[in-house]
Structure formats: structure tokens, C-alpha cells
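Report on the structure given below.
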């Protein structure tokens with residue numbers, strides 16, 4: 023189950039990277055689907071997150087929980103910073119532009135929602151009990 027989840031995350035992150043470079047999905051101002059801008063640092067973070075998921079799924083399945091914990095913490099923190107500071111954590115804009123104002127508008131919530139969901143799932147599986155631990159405890 024964890025290996026499948028690592029592959030889902032790998033495919034999702036690499037997919038986001040590819041979508042941002044697909045003709046017709048980004049407008050002339052660089053907005054994906056005309057809604058939000060994904061800058062080059064975001065691109066690199068998505069690509070590296072996806073590649074890391076593939077690496078742990080193939081070569082280090084014992085590290086999948088650590089990968090999920092890291093993804094959960096980092097992307098969760100990015101979502102919290104995005105909502106409370108109108109900046110990004112992973113793209114370093116919090117550090118390069120300084121703190122901003124909270125923004126709980128529908129658009130900003132929807133922009134941060136994917137990070138909230140993927141962080142929640144990653145944290146639940148990363149810190150959750152494995153099936154073998156559940157069976158041995160019973």
C-alpha cells in the first residue's frame with residue numbers, strides 16, 4: 023500500500039511539472055489554467071518531490087514513511103504559509119519577499135487545497151501504524 027502511495031505521489035508531482043509546460047494550459051502571463059502562477063522554483067520542487075517518490079518506491083521502500091512524513095510536513099507548512107502569509111514556503115518567497123497578509127479568499131484556499139490534501143494524506147500514512155504493527159498488537 024505504501025509503495026503504491028509513493029508511486030501516486032511521484033506521478034502526481036511529475037504530472038504537475040509536466041502540466042505547467044504543456045502548451046495551451048498556461049496563459050501569456052504564466053498562469054496555469056489562468057488561475058495561478060507556478061514559478062520556476064515551484065517547478066523544481068514539484069519535479070524533485072516526484073523524483074524522490076520514485077526513488078524511494080524503487081530503491082528504498084523502507085524509506086517511504088520518511089518520504090511521506092517529509093512531504094506531509096513540507097507541503098503542509100507551505101499551505102499554512104500560503105494561507106496565513108500569502109507567500110510560499112517551498113518556493114522561498116516567504117524568505118525573499120517577507121511576510122504578507124493572511125488571505126483566506128476562495129481563490130487562495132483553492133490554490134492551497136491540493137497541498138492541504140496531499141499533506142494530510144502523507145502525514146496520515148507516514149505517521150500511521152503499518153498493517154504488520156496492527157496485527158502484532160492484536
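In this note's numbering, the protein residues as written are 23 to 160. Each residue gets a CB set at the ideal place from its N, CA and C atoms; glycine is no exception. These figures come from a predicted structure and were not determined experimentally.
By how many angstroms is the C-alpha of residue 121 removed from the C-alpha of residue 103? 9 Å
Do residue 35 and residue 68 come within 8 Å of each other at the CB atom, strictly closer than that value? Contact flag set, yes.
Quick check: the Cα distance between residue 149 and residue 73, rounded to an integer number of angstroms? 22 Å
From which residue to which residue does the alpha helix (DSSP H) around residue 140 run? Element bounds for residue 140: 128 to 149.
Host alpha helix (DSSP H) of residue 79 (start-end): 62 to 81
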